[in-house]
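Report on the structure given below.
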Amino acid sequence: MIFNWRYHVAKHEGPRFKLAEYLKAGTAILLIAWLFKGPLKLEAYNDWIVYAIIALIFAFELLSVGRWFGVTVSGVVFALAKGAFWTSVFLFFGKWLGMSGKLHSYDGTAFAYAVILAIAGLLLAKFDERRLDLKVEKKAYEFSGADFGDVRLSGSGKAYPVRFGRKKIGWVLDGDVRVEAETPLGRVSKKLLPPVIVWTEGNLGGKKISPDPSFVDRVNELVNPERLYQKGKKDSVVDLGFLKVYEGEGFEYVKLPFIEVIDTPTGEEVKIGPMRIRDGNPEMPSRDMLTIKELRNGFQLTKVGDRLKIQTDEYSIEADDERVTYRSGNESLSLGETVSLRSGDVSVSVGRGRAKIRIEDVVISARDGTVRIRTGGRTYTVENGDAYRLVVRKAKEIVEEQSAELIDGLGIDRALLNRRVKELLDELTAYLG
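Numbers in this note's numbering are just positions in the sequence shown, counted from 1, shifted up by 831.
Next up, the structure:
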């Protein structure tokens, strides 16, 4: 399962979290002002500024609770623990920065509160863990299809809401369901076997109808993280309130007290205390995130923005703005700035002013106006622009010709490929000698 869309529950950039960021900035500004209180003639307000800084520390920590997975009791307690910890650090170093002795003397008290609150959060986390399970509701709605742009669901049946805490994050479909997706390699169409889960913020249900309680019970066993993600699975989930680890394809989220690491297809971010290092924008994935998955079979489709991945028992397709990759067993096709086709001892690649064809003991390469041929244990070199362009053109034609049958599941047509390579060798002989 790919967690960046499945667990997209609490908006990273909601008003509350934006306010928390503003308060952090305000705290930093106030701290700088306090450090320069002498030149700024603020000595008379020394204690009041310290009180304001401490209040802001607790405010932005509390407002940041539930940034990814919703508000929990342990999350609030740990926010208080973090606030107490940073307060103790501030008070401890304050004695060298002009803080009054009265206020500085509370650094040990603040640290003791941080320790006690951290222990309390650890004890409370077990209760939060039970509350955070996914739940398929025993409510059914009419399903008659859904359109997500390049991805469409058709058919009829029942749609059951899926909740994460109190937030609806998806639907489970029971009935006749077919998915169609437009890809750069053509249209992919597949009938899905229920139960089918759709992680989306959209509404898939129509009018309310009678549910099947036994179906809901069976599906809840399949979507419950404790049962679904066991040791040895590709993805892993740990959620204890104070400690969160969510790892899946294209996504990694690790949260410890004072440390947070986020790695998603839209960027990376590392936070250590108040410091934050960011590359890209991991907190703002597209609102059209979508995952469609057969719970008992191998089909899964994931779409976020222009990124699309389709995984089946027979093949996988990955596509984004720059590249499309198809894989099936030991065969692969990649289309982008560089085009390549591979299957066992066969490979054809074209791109960046070069081309290479390899089949069994025959290798033909073209680069910078030069063609090299290795066949029958002998090597030939041709310094000719026309020969170079011929190899590049033929390599592109071979990839295009073989791609259609590869995507249809027929694999490489070796007889056709051998014929094309022989034709190319015949044409290249005109440039030899």
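From the three backbone atoms N, C-alpha and C, an ideal C-beta is built for every residue, glycine too.
With distances taken between CB atoms, is the gap from L854 to F909 smaller than 8 Å? no
Grab me the residues of Q1061's own chain with a C-beta within less than 8 Å of its C-beta, minus the 5 sequence neighbours each way, in chain order. Note on Q1061: pLDDT 37, under 50, position unreliable in the model; the coordinate value appears next. By the criterion of a C-beta distance shorter than 8 Å, Q1061 is surrounded by no residue of its chain, once the five residues flanking it on both sides are discounted.
Just how far apart, CA to CA, sit A1261 and D1192? 21 Å
Boundaries of the alpha helix (DSSP H) in which K855 is found, first to last residue: P846 to L866
Please go through the same chain and pick out, in chain order, the residues whose beta-carbon is closer than 8 Å to the beta-carbon of P1015, but skip the five residues on each side of it. A1150, V1155 and L1166
What's the C-alpha gap between A971 and S1234? When the Cα atoms are used, A971 and S1234 turn out to be separated by approximately 43 Å.
What is the DSSP secondary structure of R1018, counted as helix, strand or coil? strand
Once you ignore the five residues that flank G857 on each side, which residues in its own chain have a CB closer than 7 Å to its CB? L887
Pull up the distance between the alpha-carbon of V1008 and that of L1164, whole angstroms please. 29 Å
How big is the Cα-Cα spacing for S1067 and F921? Model confidence at S1067 stands at a pLDDT of 42, short of 50, so the residue's coordinates are unreliable and nothing is read from them.
Whether A912 touches A941 by CB criterion (8 Å): no
So the beta strand (DSSP E) G1182 belongs to, where does it begin and stop? V1177 to G1182
What residue from K1124, K933, R1245 and Q1142 has the CA that sits closest to V1177's CA? R1245
Straight-line CA distance for D978 to S1147? 22 Å
Cβ distance (whole Å) where P1026 is taken to contact L1053 below 8 Å: 7 Å
Look at the Cβ atom of V1213, then the Cβ atom of V1202, and state whether they are nearer than 8 Å. yes
How would you call A990, buried or exposed, if buried means at least 16 neighbouring beta carbons within 10 angstroms? buried
Shortest alpha-carbon distance to E968 belongs to which of F1046, E1013, L928 and T1031? F1046
Taking E813 as the reference, which of T1169, L1004, Y1219 and L1139 has the closest Cα? Past the boundaries of the shown model lies residue 813; the chain is included only from 832 to 1264, so the question cannot be answered.
Specify the secondary structure class of F974 as computed by DSSP and reduced to three states. strand
Anticipated Cβ contact below 8 Å, E1162 with G1242, distance rounded: 6 Å
If distances are taken between C-alpha atoms only, which option among G976, S936, N1051 and K1038 comes closest to K1022? The shortest CA-to-CA distance from K1022 to any of G976, S936, N1051 and K1038 is the one to G976.
So which of T1122, I1040, V1181 and S931 has the shortest CA-CA distance to K1140? For the residues T1122, I1040, V1181 and S931, the minimum Cα distance to K1140 belongs to T1122.
Can you give me the C-alpha to C-alpha distance between R1018 and V1010, rounded to a whole angstrom? Cα atoms of R1018 and V1010: separation of roughly 10 Å, rounded to the nearest angstrom.
Can you list, in chain order, the stretches of the alpha helix (DSSP H) that have 4 or more residues and sit fully within the stretch 1193-1263? 1216-1238 and 1245-1259
D1110 versus S895: straight-line alpha-carbon distance, rounded: 21 Å
Who are the near neighbours of E874 in its chain, counting only those whose CB is closer than 7 Å to its CB and skipping five residues on each side? K868
Would I1028 pass as a contact of V993 if the rule is Cβ separation under 8 Å? Using a Cβ distance threshold of 8 Å, I1028 and V993 count as a contacting pair.
For R1251, count the other beta carbons within 10 Å of its own beta carbon; 16 or more makes it buried, fewer makes it exposed. Which is it? buried
Among D1048, R1205, I1229 and R1198, which has the Cα closest to the Cα of N1215? R1198
Quick one: Cα of L850 to Cα of G906, how far? 18 Å
Can you tell me whether DSSP reads L953 as helix, strand or coil? Correct three-state label for L953: helix.
Would you identify the three-state DSSP class for P1044, choosing helix, strand or coil? helix
Closest Cα partner of L1221 within the set L1259, F889, K872 and K1253: L1259
Out of S1159, R1185 and R1183, which one is the CA nearest neighbour of R1173? S1159
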